[in-house]
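Participant: Throughout the sequence shown, residue numbering follows the UniProt record's numbering, covering 1 to 118 in sequence.
Ideal Cβ placement from N, Cα and C applies to all residues, glycine included.
Because the structure is a prediction, the values reported are computed rather than measured.
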Amino acid sequence: MAPIEYDKCGRMKFNPDLHENQGKPWSKDDLDYLINWYNKVGLEEMSLALGKSEGTVAHKVQTLRKRGIMKNNPVRIYHRRLTKEKATKNPDQSIHSSTHKTMRKTSTSLYHNLEVCQ
1 MAPIEYDKCG
11 RMKFNPDLHE
21 NQGKPWSKDD
31 LDYLINWYNK
41 VGLEEMSLAL
51 GKSEGTVAHK
61 VQTLRKRGIM
71 KNNPVRIYHR
81 RLTKEKATKN
91 PDQSIHSSTH
101 KTMRKTSTSL
111 YHNLEVCQ
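Below you can see the structure in the form of structure tokens.
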């Protein structure tokens, strides 16, 4: 099995052992499954279920939403893959304290120094 690699945003890169349907056309069943289950299971699990890379699935979701075929989920579910070291400027500081609503304006926010997806 080929080693699993991730891009700088934490998405799994193409792996021929896991993404056997990559490059094949989307079937009607695949699209129905994507539309009905994407908001419940998230990008990573959907990618593995359909056998396509996370980037391909995310692009298809974006295309379907632009066409009005797939609706945005009113409640956003985030599947963050942040570690304690990446999330805070000070590794000894907890993630919860860096995201607290009453924090001072001069303190470092959760994503202030993150260079992920930029």
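1. Assuming L34 contacts V61 (C-beta within less than 8 Å), just tell me the rounded distance between them.
2. Look up M46 in the DSSP assignment and say whether it is helix, strand or coil.
3. Round the Cβ separation of M46 and V57 to the nearest angstrom and send it over; I've been treating them as touching at under 8 Å.
4. Between the C-alpha atoms of E41 and G55, what's the straight-line distance to the nearest angstrom?
5. Given a threshold of 16 other Cβ atoms within 10 Å of its Cβ, counted over all protein chains shown, does Y6 qualify as buried or as exposed?
6. Which two residues bound the contiguous alpha helix (DSSP H) that contains E54?
7. Quick one: residues in its chain with C-beta nearer than 7 Å to the C-beta of F14, no 5 flanking neighbours on either side, listed in chain order?
8. Is E20 helix, strand or coil by DSSP?
9. If I measure Cβ to Cβ from L64 and keep anything under 8 Å in the same chain, skipping five residues before and after, which residues do I get?
Facilitator: According to the structure shown:
1. 7 Å
2. In the three-state reduction of the DSSP assignment, M46 falls in the helix class.
3. 5 Å
4. The sequence shown places Val at residue 41, not Glu. Rounded to the nearest angstrom, the two C-alpha atoms are 16 Å apart.
5. Here Y6 is exposed. Its C-beta has fewer than 16 other C-beta atoms within 10 Å.
6. E54 to R67
7. Q22 and S53
8. When DSSP states are grouped into helix, strand and coil, E20 belongs to the coil group.
9. Excluding the 5 residues flanking it on each side, L64 has same chain C-beta neighbours closer than 8 Å at L31, L34, I35 and M70, in chain order.
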